[in-house]
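Asker: Structure incoming, see below.
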Ligand code: HEM
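In this note's numbering, the protein residues as written are 683 to 945.
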């Protein structure tokens with residue numbers, strides 16, 4: 683091969699390698715693994731939604747709660763009755779399904795269902811714990827979630843005092859925004875001093891999912907306190923997930939009362 687041509691090829695492959703490296707670096711800084719979460723509560727209808735979007739499991743986790751005697755629903759990436767929605771508590775207590783809404787009429791149950799989960803009831807409130815893959819490869823109609831913090835347009839609706847899936851009142855439906863961030867979650871209150879069982883809040887759900895946080899004891903804020911066998915309990919029903927962390931200072935009655943989550 684002609685020497686000049688071979689030099690030209692070498693410099694071309696070098697340039698290409700540099701180009702690939704630059705692509706890789708910029709890609710890896712933009713798309714870093716993340717846990718993003720958003721929470722919204724609608725009153726006086728008293729429905730809430732906590733969404734945790736987790737890169738490492740590739741899943742979205744939802745905790746959706748509302749009055750046990752009514753159906754309620756959340757639609758994603760829409761401002762009206764079109765597009766992907768999750769309908770909860772319709773017909774029977776514990777029933778939930780995904781729907782592709784198609785206008786101002788009763789949303790149908792999609793042939794493909796991707797959400798799975800459980801539910802429980804306490805104090806006339808029902809809590810659903812659901813999960814599905816972030817990106818839907820099963821149904822082109824199911825919204826693909828992203829872990830990038832964003833302001834997602836959503837809609838919600840609540841039944842007219844019944845689980846029968848009939849039209850909501852005008853005042854029981856609206857468009858809103860689910861703002862998500864990957865900021866450290868707020869402080870949460872623990873716990874039974876003797877056994878270290880945490881009461882579920884949106885925060886410790888995040889802990890359970892991310893498994894990337896440490897605990898600092900409020901009573902001794904200079905020292906890290908890590909916990910073993912910390913079990914995160916939902917408001918009712920069985921524990922969703924449990925995490926085990928390494929214990930540097932064993933929990934005692936005097937150091938286990940309040941914990942602040944830090945990242
Ligand atoms: C049996 C089920 C349902 C029926 C028959 C129904 C029917 C209707 C009708 C006729 C309207 C226009 C009148 C109005 O403004 O109230 C409407 C509006 C609306 N509905 Fe529904 N709906 C149902 C379920 C849902 C669900 C599950 C959601 C949310 C996930 C929802 C969210 C909305 C919103 C945001 C509006 C106002 C924007 C729009 O007109 O599209 N609805 N619905």
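Don't be surprised by glycine CBs; every beta carbon is placed ideally from N, CA and C. Keep in mind that this is a model prediction, so the values were computed, not measured.
Looking at residue 754: is its Cβ nearer than 8 Å to the Cβ of residue 770?
Answerer: Looking up residue 754 in the chain shown gives position 72. Looking up residue 770 in the chain shown gives position 88. For residue 754 and residue 770, yes; Cβs fall inside 8 Å.
Asker: Does the beta-carbon of residue 785 have 16 or more other beta-carbons within 10 angstroms, so that it is buried, or is it exposed?
Answerer: On the chain shown, residue 785 is found 103 positions in, with the first residue counted as 1. The residue in question, residue 785, is exposed, as its Cβ has fewer than 16 Cβ neighbours within 10 Å.
Asker: Measuring CB to CB, does residue 768 end up less than 8 Å from residue 752?
Answerer: Against the chain shown, residue 768 aligns to sequence position 86. Against the chain shown, residue 752 aligns to sequence position 70. Cβ atoms of residue 768 and residue 752: not closer than 8 Å.
Asker: Rank 795, 857, 718, 762 by C-alpha distance to the C-alpha of residue 823 and give the top, closest one.
Answerer: In the chain shown, the residue the question calls residue 823 occupies position 141. Ranking the options by Cα distance to residue 823, first place goes to 795.
Asker: Report whether the distance from the Cβ of residue 757 to the nearest heavy atom of the ligand HEM is below 7 Å.
Answerer: Position 75 of the chain shown, counted from the start, is the residue given in the question as residue 757. At least one heavy atom of the ligand HEM is nearer than 7 Å to the Cβ of residue 757, so yes.
Asker: For residue 727, tell me which candidate among 758, 862, 802, 843 has the shortest Cα-Cα distance.
Answerer: Position 45 of the chain shown, counted from the first residue, corresponds to residue 727. Per the Cα distances, 843.
Asker: For residue 853, which of helix, strand or coil comes out of DSSP?
Answerer: Numbered from 1 along the chain shown, position 171 holds the residue referred to as residue 853. In the structure shown, residue 853 sits in a helix (DSSP, three-state: H, G or I).
Asker: Excluding sequence positions up to five away, which residues of its chain have a Cβ less than 6 Å from the Cβ of residue 821?
Answerer: What you label residue 821 is simply residue 139 of the chain shown in a count that begins at 1. Closer than 6 Å at Cβ, skipping near neighbours: 794.
Asker: Rounded to the nearest angstrom, how far is the Cβ of residue 738 from that of residue 807, given a contact under 8 Å?
Answerer: Numbered from its first residue, the chain shown carries residue 738 at position 56. Numbered from its first residue, the chain shown carries residue 807 at position 125. With 8 Å as the limit, residue 738 and residue 807 do not qualify as a contact, their Cβ atoms being about 30 Å apart.
Asker: Just list the beta strand (DSSP E) runs in the stretch 766-794, keeping only unbroken ones of 3 residues or longer that don't cross its boundaries, in chain order.
Answerer: 778-784
Asker: Pick out whichever of 804, 812, 855, 805 has its Cα sitting closest to the Cα of residue 777.
Answerer: For this step, residue 777 is matched to residue 95 along the chain shown. It is 812.
Asker: If you measure from the CB of residue 847, is any heavy atom of the ligand HEM nearer than 7 Å?
Answerer: Within the chain shown, the letter at position 165 stands for residue 847. Taking 7 Å as the cut-off, the C-beta of residue 847 counts as close to a heavy atom of the ligand HEM.
Asker: Roughly how many whole angstroms lie between the Cα atoms of residue 848 and residue 760?
Answerer: What you label residue 848 is simply residue 166 of the chain shown in a count that begins at 1. What you label residue 760 is simply residue 78 of the chain shown in a count that begins at 1. When only Cα atoms are considered, residue 848 and residue 760 end up about 21 Å apart.
Asker: Compare the C-alpha of residue 817 against each of 725, 742, 918, 846 and name the closest.
Answerer: One-based indexing of the chain shown puts residue 817 at position 135. Out of 725, 742, 918, 846, 742 has the C-alpha closest to the C-alpha of residue 817.
Asker: May I ask whether a heavy atom of the ligand HEM can be found less than 7 Å away from the beta carbon of residue 808?
Answerer: Start at 1 with the first residue of the chain shown, and residue 808 comes out as number 126. No - the ligand HEM has no heavy atom lying nearer than 7 Å to the Cβ of residue 808.
Asker: Would you call residue 772 buried or exposed, if buried means 16 or more other Cβ atoms sit within 10 Å of its Cβ?
Answerer: By 1-based counting over the chain shown, the position of residue 772 is 90. The residue in question, residue 772, is buried, as its Cβ has 16 or more Cβ neighbours within 10 Å.
Asker: Which stretch, first to last residue, makes up the beta strand (DSSP E) that contains residue 804?
Answerer: For this step, residue 804 is matched to residue 122 along the chain shown. Here the beta strand (DSSP E) through residue 804 covers 798-804.
Asker: Would you call residue 829 buried or exposed, if buried means 16 or more other Cβ atoms sit within 10 Å of its Cβ?
Answerer: Locating residue 829 in the chain shown gives position 147, where the first residue counts as 1. With 16 or more Cβ atoms within 10 Å of its Cβ, residue 829 is classed as buried.
Asker: If I measure Cβ to Cβ from residue 791 and keep anything under 7 Å in the same chain, skipping five residues before and after, which residues do I get?
Answerer: As a working note, residue 791 is residue 109 in the chain shown. Cβ neighbours of residue 791 beyond the five flanking positions: 779, 781.
Asker: Within its chain, find whatever has a CB closer than 7 Å to the CB of residue 740; leave out the 5 residues flanking it on each side and keep chain order.
Answerer: Within the chain shown, numbered from 1, the residue matching residue 740 stands at position 58. If we look at residue 740 and ignore the five residues flanking it on each side, its Cβ neighbours are 815, 816.
Asker: Can you check which of these residues, 774, 788, 725, 826, is closest to residue 762 by C-alpha distance?
Answerer: The count along the chain shown starts at 1 and reaches residue 762 at position 80. Closest by alpha carbon: 788.
Asker: For the candidate residues 859, 841, 836, 852, whose alpha-carbon lies nearest to that of residue 764?
Answerer: Working through the chain shown from its first residue, we reach residue 764 at position 82. Comparing C-alpha distances from residue 764 to each of 859, 841, 836, 852 shows the shortest one belongs to 836.
Asker: State the DSSP-derived secondary structure class of residue 753, mapped to helix, strand or coil.
Answerer: Stepping through the chain shown from its first residue, residue 753 is reached at position 71. DSSP places residue 753 in coil when its eight states are reduced to three.
Asker: Helix, strand or coil: which one does DSSP assign to residue 723?
Answerer: Indexing the chain shown from 1 puts residue 723 at position 41. Strand.
Asker: Could you tell me which residues DSSP puts in a beta bridge with residue 816?
Answerer: Mapped onto the chain shown, residue 816 falls at position 134. Paired residues: none, contrary to the question.
Asker: Taking its Cβ as the centre, do 16 or more other Cβ atoms sit within 10 Å of residue 854, making it buried, or is it exposed?
Answerer: What you label residue 854 is simply residue 172 of the chain shown in a count that begins at 1. Counting other Cβ atoms within 10 Å of its Cβ, residue 854 reaches 16 or more and is therefore classed as buried.
Asker: With 16 other CB atoms within 10 Å as the buried threshold, where does residue 839 fall?
Answerer: Here residue 839 is taken as the residue at index 157 of the chain shown, counted from 1. Residue 839 should be labelled buried.
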